[in-house]
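This report concerns only the one structure given below.
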Amino acid sequence: MKPTRLALAAGMSVLALGAAACSSSSETSTGGTTGGSGDESDLTIGFLYVGPKDDYGYNQAAYEGSQAVQAAFPNAKILQAENVPETAEAETVMEDMIEQGADIIFPTSYGHLEFAQNVAKDHPDTIFVHQGGLEGEDKLDNLGTYFGTVYEPVYTAGVAAGEATESNKLGYVYAFPIPQTLANINAFALGAQSVNPDAEVIAVSTGSWCDPGLQAQAAKSLIDQGADVLTQHQDCTKTIIEAAEAAGAMSVGYHFDASDLAPNGWITGSEWNWGPLYTDIVQTVVDGKFVDSPYNGDFRVGLQTGDNPFVQSSYGSMVSAETQAKIDEIKQSFIDGGSPFAGPVLKQDGTIVWESGQQPTYEEVETMDFFVEGVTGKID
Amino acid sequence: MIEAVAIGAVAGGTSILLPTLGEVVSERSGVINLGTEGSMLAGALAAYIVGIQTGNPWIGIVAGLAAGAALAMVHAFFVLVRGANQIATGLVVTFLGLGLTAMFGQDYVGQGVVALENVPIPGLSQLPFVGPVLFDHDPITYLSLLAVPALWWFLARTKAGLRLRAAGERPQVLRTFGTNERTVRALAVTAGGALAGLGGAQLATAFTRNWSEGMTVGRGFVAVGLVIFAAWDPRKALIGAYLFSGAIALQLQLQAQGSDISRYLLSALPYLVVIVSLAALSRRRVNAAPEALDHVFEHAS
Amino acid sequence: MNPAASASASATATAAAGNASADGSVVDAPPDGAVLDTPPGAGPDADAVATPSRWRAAGMATLRWAAALAGALVIFGLFLFARGASPVDAYLAMLDSAFGDSRAIGDTLLRATPLLLAALAVAVPARAGMFNIGGEGQLVLGAVGAMAMSFALDGAIAGPPAFVLLALAGMVAGACWALIPAILKVVLRTNEAIVSLLLNYVAVIVLTWLVFEPWKDPKSTGQAYSKALPSDERLPILWANRVHVGIILAIVAAFVIWAAFRSTRWGFKLQVLGGNPEAARRAGLRVGALAVGAMAVGGALAGLGGMLEVSGVEGRLRPGIMVGFGYIGFLASWLAKHHPLKAIVSAFVLAAIAIGGNGLKIEAGVSGAAVNVLMALVLLAVLGFARPNTKATS
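Below is the structure:
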């Protein structure tokens, strides 16, 4: 904590003093300490989540990443803020965290980015690493973004689902038609089609990241359309997986290994393992090497470039050894430079997006705004 | 597809029907309760937590009923004893329910719960159309279907029902028979909250098998609207609740079929259906309102 | 329905409900002064007479308020304790978040701005005996209207004239949204409380559609947002980095409404209508037009709040802006017993609690939504206890 800030804190009202004192228990600077050595008693790290931190989904995955950071830096103070909306309120929360002495802030939802940029400009000494965004033209020395190539394990899960389905209809419940969701749905469809050309993905939107009532209805309508595999891009995932299981349909999970919720129908899923990446980012900051590191830009990691923090979940019993071997092969091809979106890729209406031999860049994938052929659903 | 929408209307409609019936009871006695939304949340969380703790979903259901009733008692106390305004107090009670469930539900988000499973009724569930639509649901849904005629009969044919209606229509008469209408109203509001709590419990432990903050997303408010739509009649409440829930099922069904209609328009459909039918029916509904809904307010500032 | 009811058959449940939605004492009070000087919820005996006893009454009212608030704080503290958090630490964290430094105070002022306008949006219809629970949707539509005007201007006008146009557009849009329940009520006698409430859900869907479809910023690769307002259509910042001129406008609006209630024929007519619609009708007032007008003014005020939020804070539209502001505004108006000047205080108090929720989140580990409990308790205390004589329903 900076001396000026300390002075400021001391100058606050009597009532505020107690709270400020809690967060300013040390006074040395962060420079020169080494990670995991237990010497970061003054390191404060803030995490913002858009939803509750135990939603069996996106936010829980991020929260568990923060716990891995805590394990690696046992003396660091971790600040948690759940249910931070993607509005200017996020700015207020981040300012609050800086007031508490935050050295690093992880705003973990897409919509927090612009507010992180605003706050970062006013607080050059605090490092901001945003999950899932693209920096745009605004390059700052104290801000970066990171994400995994989520669509890779979604593609391989699609392969498993394409093999498992008997009705050739796969149901997909999603929240909003944002590029990452569209990329997931498309990757899932392409993966399924790669082993089962008749596979069709039916995409239904609930217009909410977590509305269990609508999720239950959406699951019903998909099953009624004949889907025998359900998957999703929602923040809370439990309802849909349980609905599929109760209806005798199969499940592909997202965000989190929920195989215990679906002992009969679990195929596989994709889940986050943020711990190693978060810890490495914090270590980089602690070492004073953040500026100009890959994390100080739009850091994307996939199978080709390193350890994708988004990994495939465990397999259910119906996935044959043969299919698993096929998936391992596909993963290897991604490691060797392939992409789930290797051409030819066609849009819903049959127009061609990527020719045979072409494949999109990370950035092109993250600005995707269409459904591929074989997806039933409407974006607008 | 009609069958699928009908199934969805009933399955998803229980958590709207029960609070609507609860609100009918409350309003028939002369008290509007916008706290229904809060009672639902309280019922949902209580059923979820107690279900997890005891491993018995039925104990959870009872807890849900009790929690819904408890919150409604707050409404009853402030409205009937302290004379606070009903609309304002109701919304405040909803805030209270939202906040308390957020606070105490934090540790239970996404936890595994022993769900109330569907119990197909032998024989009847095999019937074409009617079978899957009406006879393949969770026990609370059957209960809610039975509650409709039961409540109608209670209100129309029993002495207690007559007292309840008298509290809503002519409290003076009630008083000449030595019954205080405030007692009747307090009981009615509490019972209404219990029904709302039951609806929330069904939503959490049977329909979605999940708890998340604010998961009722306005169902309790919709219920208050549907009471007017239903002209304070339990039988019409059934129609209203299934109409709303059917509109949700329909919009998702249309999406799944790849319909060309705008997704956004479809998602507004359930609310528009309620608003339009309220408007279309309102002239006829005005005279059906329990009279005390007028009177209570005049003294309630 | 019994025959006796036909006497009041013209009044719907809510019209009658509205009779007492404004302070009960208003009915008998002279048009000027009474509303201002009456302590919240004071009975007719405390009304309008400018004597020393008035000061005593005001002192007593203040005492009752303080007791009610203290009770609410204690009960919420017990809840926090039950939740495993230290109430003292939690309250300190909340205080720190809401008032800890100039930035925190700024955040509180910033939040108070839309809340105050949303409260006034409730207070004006309430005076005419109507319930507007649609502040949430009217705020959103105000933001949408302002944005639409910005697109229409396309940068042709900048600075103050642009602000005026944006504000007008926001007010018109908010008023139009409020006209739906108002006209349905007057023409078809539909319950305006319920319709305005349900329209909140529709407004959010309209906003989501705009943000994802026609107005989407092509650069929004994560959660979608609209294109940004040009920087010269952003309201000037006054203080603490973020506090914009909106807070002054909102306070001015409160004074204007207060003055209009106090000393215009319109304010008087609204009061008569709110007090007794039958009498108003017999007195030859154009009841329908007055009611619709009151709702429209309310909607316009909320619409202004939406414009200020988009031009002063957010800079663009996003799904999820101003969630809950309309409902909290409703509570603020009731906390102030629909008195425009007292609403300034109540909006500020509720804003502080809302902002304090961040401290609760970060430091006490309690869900931020827990502040709803504190707001509810404060409201219950004031609705149920902060008055001298209890008049339960007869």
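In order, the protein sequence lines correspond to chains A, B and C.
Just so you know, we're using our numbering here: the first sequence kicks off at 356 and counts up by one.
Just so you know, we're using our numbering here: the second sequence kicks off at -3 and counts up by one.
Just so you know, we're using our numbering here: the third sequence kicks off at 2 and counts up by one.
For every residue, glycine included, the Cβ atom is placed at its ideal position computed from N, Cα and C.
Within-8 Å CB hit, residue i to chain B
| i | result |
| --- | --- |
| W216/C | no |
| A530/A | no |
| F262/C | no |
| F349/C | no |
| K313/A | As displayed, chain A neither begins before 356 nor continues past 735, which places residue 313/A out of reach and without an answer. |
| S381/A | Low confidence applies here, because S381/A scores a pLDDT of 34, under 50, leaving its location unreliable and the question unanswered by this model. |
| L380/C | yes |
| S392/A | For S392/A, the predicted model reports a pLDDT of 43, less than 50, meaning its position is unreliable; a value from the coordinates is still stated below. It does not; no Cβ of chain B falls within 8 Å. |
Beta carbon proximity, residue i to chain A, threshold 8 Å
| i | result |
| --- | --- |
| E137/C | no |
| Q224/C | yes |
| L169/C | no |
| R205/B | yes |
| N373/C | no |
| S98/C | yes |
| I244/B | yes |
Per-residue burial, residue i [other beta carbons within 10 Å of its own, 16 or more giving buried]
| i | result |
| --- | --- |
| A179/C | buried |
| A417/A | buried |
| D409/A | buried |
| L64/C | exposed |
| K270/C | buried |
| D615/A | exposed |
| V126/B | exposed |
| S669/A | exposed |
| F82/C | exposed |
| G603/A | exposed |
| D691/A | exposed |
| S384/A | Note that S384/A has pLDDT 35, beneath the 50 cutoff, so the model's placement of it is unreliable and the number below is only indicative. Classification for S384/A: exposed. |
Residue-chain proximity (residue i, chain C), Cβ-Cβ < 8 Å
| i | result |
| --- | --- |
| Q247/B | no |
| E441/A | yes |
| L87/B | yes |
| V218/B | yes |
| G214/B | yes |
| Q102/B | yes |
| P567/A | no |
| V238/B | One detail in the question is off: residue 238/B reads as Tyr in this sequence, not Val. For Y238/B, the answer is no, since every Cβ of chain C falls outside 8 Å of its Cβ. |
| A63/B | no |
| M99/B | yes |
| T536/A | no |
| R159/B | no |
Which residues DSSP lists as bridging residue i, in chain order
| i | result |
| --- | --- |
| M605/A | V584/A |
| H340/C | Looking at the DSSP assignment, H340/C forms no beta bridge with any residue, so it has no partner. |
| R655/A | F502/A |
| F483/A | I460/A and L498/A |
| H610/A | E626/A |
| W709/A | V700/A |
| V727/A | K702/A |
| S227/C | K217/C |
Residue closest to residue i, alpha-carbon to alpha-carbon, out of the options
| i | options | result |
| --- | --- | --- |
| A204/C | V125/C, A284/C and M323/C | M323/C |
| V20/B | G214/B, A252/B and G236/B | G236/B |
| M211/B | P567/A, G513/A and Q572/A | P567/A |
| T209/C | G106/B, G108/B, L261/B and Q251/B | L261/B |
| S263/B | A275/B, F131/B, Q249/B and G9/B | Q249/B |
| Y138/B | L274/B, M(-3)/B, R279/B and A7/B | A7/B |
Short CB-CB distance (under 8 Å) between residue i and chain E
| i | result |
| --- | --- |
| G360/C | Considering every chain present, this structure includes no chain E. Its protein chains are A, B and C. |
Ignoring anything shorter than 3 residues or poking outside the segment 397 to 470 of chain A, list the beta strand (DSSP E) runs there in chain order. 399 to 403, 432 to 436 and 459 to 462
Just to confirm the assignment: which complete alpha helix (DSSP H) runs, minimum length 4, are found wholly within the segment 96 to 168 of chain B? 126 to 130, 135 to 153 and 155 to 165
Counting only runs of 3+ residues fully inside the segment 520 to 564 of chain A, write out the beta strand (DSSP E) ranges in chain order. 524 to 529 and 555 to 560
Alpha helix (DSSP H) runs contained entirely in the segment 614 to 668 of chain A, provided each spans 4 or more residues: 630 to 641
Which ranges would you report for the alpha helix (DSSP H) in the segment 165 to 199 of chain B if only whole runs of at least 4 residues count? 167 to 172 and 177 to 198
What residue ranges within the segment 258 to 287 of chain C form continuous alpha helix (DSSP H) runs of no fewer than 4 residues, ordered along the chain? 266 to 276 and 278 to 283
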